[in-house]
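See below for the structure under consideration.
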Amino acid sequence: MIAIISAIMGLSAAAVIIQLIRSDRLHVNHGLGWFLVAATLSLLGVAPSLFDFIAAQVGVSYPPALAFSLGFLILIVKLLLNDIDRSRMQIRQQRIIQRLAILESELRRLRDEQTPKDLAASYKIETNQDPLEPKNRNIA
Amino acid sequence: MTPRLPKIAVVMPALNEEAVIARVIAGVRAQGIHDIVVVDDASSDNTAEVARAAGATVVPLIVQLGAWGATQAGIRFAVRKGFNTIITMDADGQHNPADISKLLTPLSTGRANVAIGACTQRGSLLRKIAWRWIKRVSGITLEDVTSGFRAYDRLALRRLASWQATLMEYQDIGVLLLLQRTNMIIEDIPVSMESRSNGKSRIFHNWGVVAYYMAHTLLLGFCKRARARRPSMDPAVVYKVSR
Numbered sequence: 001m002i003a004i005i006s007a008i009m010g011l012s013a014a015a016v017i018i019q020l021i022r023s024d025r026l027h028v029n030h031g032l033g034w035f036l037v038a039a040t041l042s043l044l045g046v047a048p049s050l051f052d053f054i055a056a057q058v059g060v061s062y063p064p065a066l067a068f069s070l071g072f073l074i075l076i077v078k079l080l081l082n083d084i085d086r087s088r089m090q091i092r093q094q095r096i097i098q099r100l101a102i103l104e105s106e107l108r109r110l111r112d113e114q115t116p117k118d119l120a121a122s123y124k125i126e127t128n129q130d131p132l133e134p135k136n137r138n139i140a
Numbered sequence: 001m002t003p004r005l006p007k008i009a010v011v012m013p014a015l016n017e018e019a020v021i022a023r024v025i026a027g028v029r030a031q032g033i034h035d036i037v038v039v040d041d042a043s044s045d046n047t048a049e050v051a052r053a054a055g056a057t058v059v060p061l062i063v064q065l066g067a068w069g070a071t072q073a074g075i076r077f078a079v080r081k082g083f084n085t086i087i088t089m090d091a092d093g094q095h096n097p098a099d100i101s102k103l104l105t106p107l108s109t110g111r112a113n114v115a116i117g118a119c120t121q122r123g124s125l126l127r128k129i130a131w132r133w134i135k136r137v138s139g140i141t142l143e144d145v146t147s148g149f150r151a152y153d154r155l156a157l158r159r160l161a162s163w164q165a166t167l168m169e170y171q172d173i174g175v176l177l178l179l180q181r182t183n184m185i186i187e188d189i190p191v192s193m194e195s196r197s198n199g200k201s202r203i204f205h206n207w208g209v210v211a212y213y214m215a216h217t218l219l220l221g222f223c224k225r226a227r228a229r230r231p232s233m234d235p236a237v238v239y240k241v242s243r
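From first to last, the protein sequence lines stand for chains A and B.
Note that my numbering numbers the first sequence so that position 124 is 124, with each residue one more than the last.
Note that my numbering numbers the second sequence so that position 163 is 163, with each residue one more than the last.
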C-alpha cells in the first residue's frame, strides 16, 4: 500500500512540476532538481525492495532510517543552496536599486541643466508638436 | 607618480531628517565643501526636497536599504563623478562638520587610507558592552567601530564600491574587516559628537533589534576574523603604491 502511495506522490509531483514549467512559473533550472526528486519517489514507490537492497549494501539494518536520513540531508542541502542563491540575488537587487537612484539623480541634473529652448526641442522630437503652439483641437 | 589632488565630497545617508538636514548641509558648506550627496533612504517626509533646496545633490532610493546600503549608493555615485576622497556623516546633526578637516589630515599626509571620527564617551552602558564584545570577537582594535563619521581615500573607496561590500548590512564590522583584509590603514581620530536631534539610534533603541544586530555582527566578526590580516603599520608600504 505504502508503495502505491509513494508512487502516486512521485508521479503527482512530476505532473505538478511539468505544469509549473509549462506555465512559466518555475525556472527549468529549479525544475530539474525537483524532477529528480519526483523520479526517485516514483522509482522507490514502484520498487521498494530497491531501497532495502541499498540499505543492506551500506550496512543499515533498518532501511526506513536510511530513507529518512537521506531525505533530511537532501532537504538541508537544498535549503542551504536556496539561501546562497538568495544572498546572491539580494546583492544584485541592492546594486540595481542603488544604480537606479544614481541614474535618477543624473537624469534630474540633466533635466535641470536644460534651457527652455532645449526642452521645447526635445518635446517637439517626442511629440512632433510645438509646445508653444496651441494644440489642434480637432484631434481630441 | 604625481599625487592626485583630492576631490572631496560628503556623503550623507538620510532617513526622515527634514527637520535638521538643511542645518547639517549648511554646516558642511561652511567648511568649504560644496559637493554634498544626500542619499534619501526612501524617507516618508520631505528630506529629499529640503536637501535639494539646501544645495545638495540627492540620490533618491526607491526602497529602504538601511544606513550602509544608502551610504554605498552615495559612494558609488560620488566615485562615478570622479571624487577620490569621501567623508561619510550622519544627517541627524550628530557629527560636527568642523571636525571634517581633522579626518582629512591622515589621508592628505598619507598616514592612513581611512580615518574614523571616534567618540567613545557616547552611548549607553549597553552600547559599551556591545562594543567590547564585538571588538573581542572580531579582533578589531579600533576605538569606535560603529561611528558613521569617516573619511575614505581612493583605494578604500574602490573596495567599498565593490560587490563584496554590498553584502554587508551594517557599516561597522563587516566594512572595517573588508578594509583591513585588503591592507587599508585605518586610524581613529578623536572627535566630539552631539546627541542626535531625533534622539535615537537606528539600532540601540529596541531589544529585539539589538539582539539581531549583536548576533549578526558577532557571527560576521567571528567568521571573517581568521581571514583578516593586520594592516601593515608602515604607511609607506601601502601609500607609496597607491599614490
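Glycine is no exception: its CB is placed at the ideal position from the N, C-alpha and C atoms.
Query	Result
Would you mind working out which of B:A118, B:D99, B:V114 sits nearest T85 of chain B, comparing C-alpha positions?	B:V114
Would you check if the distance between the CB atom of E194 of chain B and the CB atom of G93 of chain B is smaller than 8 Å?	yes
If the criterion is Cβ atoms closer than 8 Å, does the pair P97 of chain B and A30 of chain B meet it?	yes
Could you name the residues of chain A that V58 of chain B contacts, counting a contact when the two beta carbons are closer than 7 Å?	S105
In terms of alpha-carbon separation, which member of B:G174, B:I189, B:D188, B:I185 lies closest to L219 of chain B?	B:G174
Out of B:L177, B:M184, B:A130, B:E169, which one is the CA nearest neighbour of R154 of chain B?	B:M184
Roughly how many whole angstroms lie between the Cα atoms of A54 of chain B and I87 of chain B?	18 Å
Can you determine whether any heavy atom of the ligand ADP sits closer than 7 Å to the C-beta of Q121 of chain B, and answer yes or no?	The ligand ADP is absent from the structure shown, which contains no ligand whatsoever.
Once DSSP output is grouped into helix, strand and coil, what is the label at T47 of chain B?	helix
Look at the alpha carbon of E18 of chain B and the alpha carbon of F83 of chain B, and state the distance between them as a whole number of angstroms.	26 Å
At the level of alpha carbons, what is the spacing between Y213 of chain B and D172 of chain B?	11 Å
Between L15 of chain B and chain A, is there a C-beta pair that is closer than 8 Å?	no
Confirm, please, whether the CB-CB distance from A14 of chain B to D40 of chain B is below 8 Å.	yes
Which residues in chain B have a C-beta closer than 8 Å to the C-beta of A14 of chain A? List them in chain order.	Correct list: empty, because the minimum Cβ distance to chain B is about 37 Å.
Name, in chain order, the residues that DSSP records as bridge partners for Y152 of chain B.	B:I86, B:V114
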